[in-house]
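Undergrad: As given, the protein sequences belong to chains A and B, one line each in that order. So the first sequence is numbered by UniProt numbering: it starts at 1 and just counts up by one. So the second sequence is numbered by UniProt numbering: it starts at 1 and just counts up by one. All residues carry an ideal CB built from backbone N, CA and C; glycine is no exception.
There are 2 protein chains.
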Amino acid sequence: MASSTEENYLKSLFNLANEQGEVSISDLAQNLHVSMPTANSMVKNLQKQGWVGYEKYKPVILTQEGKKAAALVIRKHRLTEMFLVKKMGFGWEEVHEVAEQIEHIHAPKFFERMDEMLGFPTIDPHGSPIPDAQGRIQEFSYLPLSSCKVGQEVQLTALTNSSTEFLEFLNGRALRLGLNLKIHSREAYDQSMVVSYDDHPSETLSEKVCERLLVRVIGK
Amino acid sequence: MASSTEENYLKSLFNLANEQGEVSISDLAQNLHVSMPTANSMVKNLQKQGWVGYEKYKPVILTQEGKKAAALVIRKHRLTEMFLVKKMGFGWEEVHEVAEQIEHIHAPKFFERMDEMLGFPTIDPHGSPIPDAQGRIQEFSYLPLSSCKVGQEVQLTALTNSSTEFLEFLNGRALRLGLNLKIHSREAYDQSMVVSYDDHPSETLSEKVCERLLVRVIGK
DNA sequence: TTAGATACTTAGATTAATCTAACAAATTTG
DNA sequence: CAAATTTGTTAGATTAATCTAAGTATCTAA
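Shown next as structure tokens:
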């Protein structure tokens, strides 16, 4: 069974591979805030346990077992986030730190009961998919708001970044998942967009923000 | 801040002191399933951090800070047990292992929300008191059933042992906290007692069991 | 195409938590 | 009370996870 530390490495490898494709030792080290030699020796350890394939100076690749193990940790993390928000009254900006700890709890029934109580959710509070109990993960094909056109109506469905600062920024503008946005204009100079929703008749969102908002087109 | 390991030592010291008074290095080592040298060096470490007082060959004594730190870990443990039983549908025999892990989570709001959702409970599912947020613990004065007299009516209020095996034994006889028991007889030879409750007109309980059942006298 | 920069590895040290072996103090008991 | 037993301590080793320093491989770009 993986230690908490090993679980964190598996999770990082999984997430980095999804974001970037190939994952180098330095990517991994940076992501986990450890030195390269530390990441290097842990990768060798993970390899010995059959979770990753690795050859000197080559990218690190999760094996099938490694992917499954990683997905199951991510499952625990995202189920926990959903539970904290839906059942315990946490804000979506407060759940990450707690979930980072609870994801390492070994207690199948605990997470099964969360899953049941939540009605078997498929996404977490930030719109990321929750892997199933077999470690299978459903991929959605959402677009960044930044790639949408003026005049379109879209629904905010997920985020590519769930840092506390970004979530607090969204809270400040009453932006939440499920909201319908109308795209009124885009500024050619800096790619910022003006949108409206609910009782917000005109909000300007920077390119940086628009890239992090994932949407589904619903109109025009 | 105490590591999980340190928290476990503090908890053991607190519980052992309550059960036995003086706590030796060997008591501690036995209780935590570690060797005496391990317990010895951890006690020195806890002393350096101001949680225990210790002199060579003398009993280990928690300081005020040590007692408070221990009580706050026990608070997290017992709140978690109550949450698992009352909010997540666990049986009282299933909660210990999970609570042993969750008690080490550092997330004040998580436990505050549990407390609120449970209506600020004062006892856990096994009748043990839950320390308050300041680490103060309310002591009850319950009697073991074994010390009660034939003819008395008593209410089952707590247990002195909450091992899975004992709890499953109680489950098998539908014995649970809050139940009123009538004491019909006691066998002089082995101190076993015959009691009745609910639709159980006659159950024989061994001395070992009677010592572990804590009650409040309500009649005769 | 080779010099310089970047990425990676090796070597060796550190810390927390554990162990066993050996010795020392304290307690119990004949 | 002295011997035997129990309890506690010291010394030294181990493992997981981390680090820094130093050296090596790979990539990039003049």
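(1) Taking a contact to mean a Cβ-Cβ separation below 9 Å, would you say residue 225/A touches Ile74/A in this structure?
(2) Among Gln49/B, Leu118/B, Leu181/B and Leu145/B, which one has its Cα closest to the Cα of Lys87/B?
(3) Taking 9 Å as the CB-CB cut-off, is Met88/B touching chain A?
(4) Extract the residue ranges of the alpha helix (DSSP H) inside the UniProt domain "HTH rpiR-type" (1-68) of chain A, only unbroken runs of 4 or more that lie entirely within it.
(5) Listed in chain order, which residues of the region 79-108 of chain B have Cβ atoms closer than 9 Å to some Cβ of chain A?
(6) Contact between the region 129-143 of chain B and the region 190-198 of chain B: three or more CB pairs below 8 Å?
(7) Quick check on Lys149/B: does DSSP put it in helix, strand or coil?
(8) Whose C-beta lies closer than 8 Å to the C-beta of Glu139/A among residues of the same chain, with five residues either side of it excluded?
(9) Taking only the alpha-carbon atoms, compute the straight-line gap between Leu94/A and Lys56/B and give it to the nearest angstrom.
(10) How would you write the range of the alpha helix (DSSP H) that His96/A sits in, first residue to last?
(11) What are the partner residues of Asn180/A, as DSSP defines its beta bridges?
(12) Cα separation between Ala69/B and Val43/B?
(13) By the criterion of Cβ-Cβ separation under 8 Å, what are the contact partners of Phe110/A in chain B?
(14) Can you check whether the C-beta of Met1/B is within less than 9 Å of a C-beta belonging to chain A?
(15) Would you mind telling me which residues of chain B sit closer than 7 Å to Arg113/A, beta carbon to beta carbon, in chain order?
(16) Where does Gly172/B sit, in a helix, a strand or coil, going by DSSP?
(17) If you measure from the beta carbon of Met117/B to each beta carbon in chain A, is any gap under 9 Å?
(18) Buried or exposed: which applies to Gly89/B, given that a residue is buried once 16 or more other Cβ atoms fall within 10 Å of its Cβ?
(19) Roughly how many angstroms separate the alpha carbons of Trp51/A and Glu203/B, rounded to a whole number?
(20) By DSSP's criteria, Ile123/A is part of a beta bridge. Which residues make up the other side?
(21) Do Val154/A and Leu167/A have their CB atoms nearer than 9 Å?
(22) Would Gly66/B pass as a contact of Leu84/B if the rule is Cβ separation under 9 Å?
(23) Buried or exposed: Ile218/A, going by 16 or more other Cβ atoms within 10 Å of its Cβ?
(24) Would you report the Cα separation of His33/A and Lys76/A, rounded to the nearest angstrom?
(25) On the three-state DSSP scale, how would you describe Glu203/A?
(26) Locate the beta strand (DSSP E) running through Arg113/A, then write down its first and last residues.
(27) For Arg216/A and Ala174/A, I'd like the C-alpha separation in whole angstroms.
(28) Give a yes or no on whether the C-beta atoms belonging to Ser185/B and Cys210/B are separated by under 9 Å.
(29) Please look up how many angstroms separate the CB atoms of Leu156/A and Leu205/A, rounded, as I've assumed it's under 8 Å.
(30) Just grab the DSSP bridge partners of Gly219/A for me.
(31) Give the C-beta separation of Ala25/B and Ala39/B to the nearest angstrom, bearing in mind that I take them to be a contact with Cβ-Cβ under 8 Å.
(32) Which of the three DSSP states, helix, strand or coil, is assigned to Arg212/A?
(33) Would you kindly check if the distance between the Cβ of Glu81/A and the Cβ of Asp115/A is under 9 Å?
TA: With the structure as the only source:
(1) The first residue shown for chain A is 1 and the last is 220, placing residue 225/A beyond what the model contains.
(2) Nearest of Gln49/B, Leu118/B, Leu181/B and Leu145/B to Lys87/B, Cα basis: Leu118/B.
(3) With respect to chain A, the C-beta atom of Met88/B has a partner C-beta closer than 9 Å.
(4) Every unbroken stretch of the alpha helix (DSSP H) spanning 4 or more residues and falling wholly within the UniProt domain "HTH rpiR-type" (1-68) of chain A is given here in chain order: 4-20, 25-32 and 36-48.
(5) Against chain A - using a Cβ distance shorter than 9 Å - the residues of the region 79-108 of chain B are Leu84, Lys87, Met88, Gly89, Phe90, Glu94, Glu97, Val98, Gln101, Ile102, His104, Ile105, His106 and Ala107.
(6) Proximity of the region 129-143 of chain B to the region 190-198 of chain B falls short of the contact definition, fewer than three beta-carbon pairs being nearer than 8 Å.
(7) Secondary structure at Lys149/B: coil, using DSSP grouped into helix, strand and coil.
(8) Cβ neighbours of Glu139/A beyond the five flanking positions: Pro129.
(9) It is Glu, not Leu, that sits at residue 94/A in the sequence shown. The straight-line gap from Cα to Cα measures roughly 46 Å.
(10) Its alpha helix (DSSP H) spans residues Val95 to Ile102.
(11) Paired residues: Gln155/A.
(12) Taking the straight line from one Cα to the other gives about 15 Å.
(13) Leu84, Met88 and Val98, listed in chain order.
(14) Chain A, which has no Cβ nearer than 9 Å to the Cβ of Met1/B, makes this no.
(15) For the C-beta of Arg113/A, the chain B residues within less than 7 Å are, from N- to C-terminus, Met88 and Gly89.
(16) Gly172/B: helix per DSSP, three-state reduction.
(17) Residue-level contact check: Met117/B touches chain A, since one or more beta carbons of chain A fall below 9 Å from its beta carbon.
(18) Gly89/B counts as exposed, since fewer than 16 other C-beta atoms from the protein chains shown sit within 10 angstroms of its C-beta.
(19) Between the alpha carbons of Trp51/A and Glu203/B lies a distance of about 54 Å.
(20) When beta bridges are read from the DSSP output, Ile123/A appears opposite Pro129/A.
(21) Their beta carbons are not under 9 Å apart, which means Val154/A does not touch Leu167/A by this criterion.
(22) Here Gly66/B is not near Leu84/B, since their CB atoms are 9 Å or more apart.
(23) Counting every other CB atom within 10 Å of its CB across the protein chains shown gives Ile218/A a total below 16, marking it as exposed.
(24) Near 22 Å, if we compare the C-alpha coordinates of Lys76/A and His33/A.
(25) Residue state, collapsed to three classes: strand.
(26) Here Arg113/A belongs to no beta strand (DSSP E); instead the alpha helix (DSSP H) covers Pro108 to Met117.
(27) Distance between the alpha carbons of Arg216/A and Ala174/A: 19 Å.
(28) For Ser185/B and Cys210/B, no; Cβs fall outside 9 Å.
(29) At roughly 11 Å, the Cβ-Cβ gap does not stay under 8 Å, so Leu156/A and Leu205/A are not in contact.
(30) DSSP output for Gly219/A lists Glu153/A as bridge partner(s).
(31) Note on residue identity: the sequence assigns Ile, not Ala, to residue 25/B. Ile25/B to Ala39/B, Cβ: 5 Å. Contact.
(32) Three-state DSSP puts Arg212/A in a helix.
(33) 9 Å or more divides the Cβ of Asp115/A from the Cβ of Glu81/A.
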